[in-house]
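Following: one structure in C-alpha cells, then a few remarks.
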Amino acid sequence: HYLDQSDPEANYTQALVVAPTRELAQQVAKVIGQIRPSLQPVVIIGGASSAEQEAALRRDPRVVVGTPGRLLD
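Each number in our numbering corresponds to the 1-based position in the sequence shown with 892 added.
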C-alpha cells in the first residue's frame with residue numbers, strides 16, 4: 893500500500909536497514925532513536941533472543957535494523 897511519509901501515526905514498517913555486524917546495527921538503531929525517538933527502531937541481530945525479536949516484529953515497528961543472517965532467519 894502507499895506509504896504516506898507525512899503520517900506520524902503510521903503503524904507499519906516503512907524502512908529496513910541492513911548492517912553487516914551486530915555492533916553496527918545497534919549503533920544505527922541508537923542514532924535513529926536519538927534523531928527521531930518516536931520511530932523506536934527494532935534491532936534484529938544474532939546473539940539475542942529470537943522469540944523477543946519476533947514479538948517486536950509482530951508489533952509492526954516503523955524501522956527495522958538488522959544483520960543479514962538474522963533477517964534471513
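No residue lacks a Cβ here, since even glycine has one placed at the ideal position from N, Cα and C.
- Residue Ile936 holds the alpha-carbon nearest to the alpha-carbon of Leu964 among Gly925, Arg951, Ile936.
- Taking a C-beta distance under 9 Å as the contact criterion, Thr905 and Val957 do not qualify as a contact pair.
- Judged by DSSP in its simplified three-state form, Gly958 adopts strand.
- Between the alpha carbons of Pro912 and Pro929 lies a distance of about 24 Å.
- The C-alpha of Pro933 is placed about 10 Å away from the C-alpha of Gln926.
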